[in-house]
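Heads up: the structure comes next, in structure tokens.
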């Protein structure tokens, strides 16, 4: 069924006059007459009786009008929704974040939702290496990650993160002394592949030995173990956003301390909502 024919039927029923209805539809009166004739032929029913009072609904027309109005209203709602989708102001995106963006990513999400309240979003804590894979397949739309290497993904840098030493007591001890006194706490490789690689590069390039290493599941556990005096940790400086205020953080010097952090996405997969999100981030 042609929606245009139903809309002509509804407008003519409301106006009760061919001239006024044609003007409302922005067509000529003969064109409107033709559309009504075509609709009546398709339905095999007379919809209007023509007389000196203009166009009056027949009993069949009266019975069909309410259903026709529902269909026309639904079609108009659909077109309005489609227009919003086409502008990227209605839809869905999934976002991933990592350790360095534990504080940054939610702030960007909140700002975006203020501008685009109709957008549905998910935010999930995923290691950068896993985010790259999900972005490549389209399962993830935007990733807050450490800079990807040897990947076709697009990347926009946001800031630079760096390693700091987290210790249980406020003591001015050299880094290597801490490592001799307490185990170095770090994430399991599956959970912290990128961070662990950064730590290894830092230790090797600065010829620092960590004789005791203990692996744990998450950052919260590492912080708890440090506070308990069970170990020390090399963590991103951005962790201070989630660390207790009493935690002892020591700045470091040396090679391979820093790495770029930003957003990554797969430009090969079109997504207007994602593009609006990225533009908002780049504009800040």
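Residue numbers (the working numbering): 920 to 1203. The beta carbon of each residue, even a glycine, is placed where N, CA and C say it ideally should be.
Tell me, please, which residues DSSP counts as bridged to residue i.
{"i": "residue 1167", "result": "1086"}
{"i": "residue 967", "result": "976"}
{"i": "residue 1064", "result": "1181"}
{"i": "residue 1104", "result": "1133, 1152"}
{"i": "residue 1014", "result": "1042, 1061"}
{"i": "residue 1074", "result": "1183"}
{"i": "residue 1080", "result": "1178"}
Label residue i either buried or exposed according to how many other C-beta atoms from any shown protein chain fall within 10 Å of its C-beta, with 16 as the threshold for buried.
{"i": "residue 1020", "result": "buried"}
{"i": "residue 1090", "result": "exposed"}
{"i": "residue 998", "result": "exposed"}
{"i": "residue 954", "result": "buried"}
{"i": "residue 926", "result": "buried"}
{"i": "residue 978", "result": "exposed"}
{"i": "residue 1062", "result": "buried"}
{"i": "residue 956", "result": "exposed"}
{"i": "residue 1160", "result": "exposed"}
{"i": "residue 1173", "result": "exposed"}
{"i": "residue 1075", "result": "exposed"}
{"i": "residue 869", "result": "In the structure as shown, the chain begins at 920 and stops at 1203. Residue 869 is therefore absent and cannot be evaluated."}
{"i": "residue 900", "result": "An answer regarding residue 900 cannot be provided, because it is not within the stretch 920 to 1203 covered by the chain."}
{"i": "residue 1148", "result": "exposed"}
{"i": "residue 1126", "result": "exposed"}
{"i": "residue 1245", "result": "Residue coverage of the chain in this structure runs from 920 to 1203, which leaves residue 1245 outside it and unanswerable."}
{"i": "residue 1157", "result": "buried"}
{"i": "residue 1124", "result": "exposed"}
{"i": "residue 980", "result": "buried"}
{"i": "residue 1193", "result": "buried"}
{"i": "residue 992", "result": "exposed"}
In chain order, what residues of the same chain have a beta carbon less than 7 Å from the beta carbon of residue i, not counting five sequence neighbours either side?
{"i": "residue 1122", "result": "1129"}
{"i": "residue 1102", "result": "1131, 1132, 1133, 1150"}
{"i": "residue 1195", "result": "1007, 1035"}
{"i": "residue 1042", "result": "1014, 1016, 1024, 1025, 1028"}
{"i": "residue 1185", "result": "1054, 1055, 1057, 1072"}
{"i": "residue 1070", "result": "1051"}
{"i": "residue 1168", "result": "1083, 1085, 1159"}
{"i": "residue 1048", "result": "1112, 1113"}
{"i": "residue 1059", "result": "1013, 1015, 1050, 1053"}
Only counting the same chain, and skipping five residues up and downstream in sequence, which positions put a Cβ closer than 8 Å to that of residue i?
{"i": "residue 988", "result": "929"}
{"i": "residue 1163", "result": "1142, 1146"}
{"i": "residue 1079", "result": "1177, 1178, 1179, 1180"}
{"i": "residue 1097", "result": "1084, 1086, 1151"}
{"i": "residue 952", "result": "937"}
{"i": "residue 1135", "result": "1104, 1105, 1106, 1107, 1141, 1144"}
{"i": "residue 1022", "result": "1157, 1160, 1161"}
Check for me: the beta strand (DSSP E) holding residue i runs from which residue to which?
{"i": "residue 1039", "result": "1038–1044"}
Between which two residues does the alpha helix (DSSP H) holding residue i run?
{"i": "residue 1138", "result": "1138–1146"}
{"i": "residue 938", "result": "937–944"}
{"i": "residue 959", "result": "948–962"}
{"i": "residue 1127", "result": "Residue 1127 -> no alpha helix (DSSP H), and no H or E assigned at all."}
{"i": "residue 1053", "result": "1047–1056"}
{"i": "residue 1027", "result": "1023–1034"}
{"i": "residue 1192", "result": "1191–1202"}
{"i": "residue 1091", "result": "It is not in any alpha helix (DSSP H) - residue 1091 carries neither H nor E in the DSSP assignment."}
{"i": "residue 1158", "result": "Per DSSP, residue 1158 belongs to no alpha helix (DSSP H) and is neither H nor E."}
{"i": "residue 929", "result": "922–934"}
Contact defined as beta carbons within less than 8 Å: I believe residue i pairs with residue j. What is the distance between those atoms, to the nearest angstrom?
{"i": "residue 961", "j": "residue 976", "result": "At roughly 17 Å, the Cβ-Cβ gap does not stay under 8 Å, so residue 961 and residue 976 are not in contact."}
{"i": "residue 1106", "j": "residue 1114", "result": "6 Å"}
{"i": "residue 1038", "j": "residue 1011", "result": "7 Å"}
{"i": "residue 1183", "j": "residue 1064", "result": "5 Å"}
{"i": "residue 1154", "j": "residue 1094", "result": "Contact flag wrong, Cβ pair sits at about 14 Å."}
{"i": "residue 1205", "j": "residue 932", "result": "Nothing about residue 1205 can be read from this structure; the chain reaches only from 920 to 1203."}
{"i": "residue 1118", "j": "residue 1092", "result": "Rounded, the Cβ-Cβ distance is 19 Å, inconsistent with contact."}
{"i": "residue 1031", "j": "residue 1199", "result": "6 Å"}
{"i": "residue 1111", "j": "residue 1067", "result": "Between residue 1067 and residue 1111 the Cβ distance is about 16 Å, and since that is not below 8 Å, they are no contact."}
{"i": "residue 996", "j": "residue 922", "result": "Not confirmed; about 12 Å, so no contact."}
{"i": "residue 1175", "j": "residue 1088", "result": "No, residue 1175 and residue 1088 are not in contact; Cβ-Cβ is about 26 Å, not under 8 Å."}
Excluding the 5 residues preceding and the 5 following residue i in the sequence, name in chain order all residues of the same chain whose CB lies nearer than 6 Å to its CB.
{"i": "residue 1009", "result": "1003, 1037"}
{"i": "residue 963", "result": "none"}
{"i": "residue 990", "result": "925"}
{"i": "residue 973", "result": "935, 936"}
Let me see if you follow: with CB-CB separation under 7 Å, is residue i close to chain B or not?
{"i": "residue 946", "result": "As a matter of chain content, chain B is missing from the structure shown, which is built from one protein chain."}
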